[in-house]
Amino acid sequence: MGYFSAFLACHMYFRHQFASTGSTLLDQLFRAVVYLGLAAWAGIVAYSRLDLLYHTPH
1 MGYFSAFLAC
11 HMYFRHQFAS
21 TGSTLLDQLF
31 RAVVYLGLAA
41 WAGIVAYSRL
51 DLLYHTPH
């Protein structure tokens, strides 16, 4: 999941063109929310795999 999230973040940063709202502040805020959402998604998946005992720390 970490690889997929990192791939999506890099793809969105280097290749994807977000539609502009006309406000630089809103555009930057939207991009930050997308990147933080991807990081949170990867973190939640990692935590859930530990919590469900799919992976256990040794």
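FYI, in UniProt numbering the residues of the sequence shown are 1 to 58. The beta carbon of each residue, even a glycine, is placed where N, CA and C say it ideally should be. The structure presented is a predicted model; accordingly, all values stated were derived computationally and were not measured.
- When only Cα atoms are considered, Gly2 and Leu29 end up about 23 angstroms apart.
- With a cutoff of 8 angstroms on beta-carbon distance, Ser5 and Ala32 are scored as not near each other.
- The alpha-carbon of Tyr47 is positioned some 29 angstroms away from that of Arg15.
- Leu26 carries a helical assignment under DSSP once its states are collapsed to helix, strand and coil.
- Non-local C-beta neighbours of Ala42 in its own chain, meaning closer than 6 angstroms and more than five positions away in sequence, comprise Met1, Gly2, Ser5, ordered along the chain.
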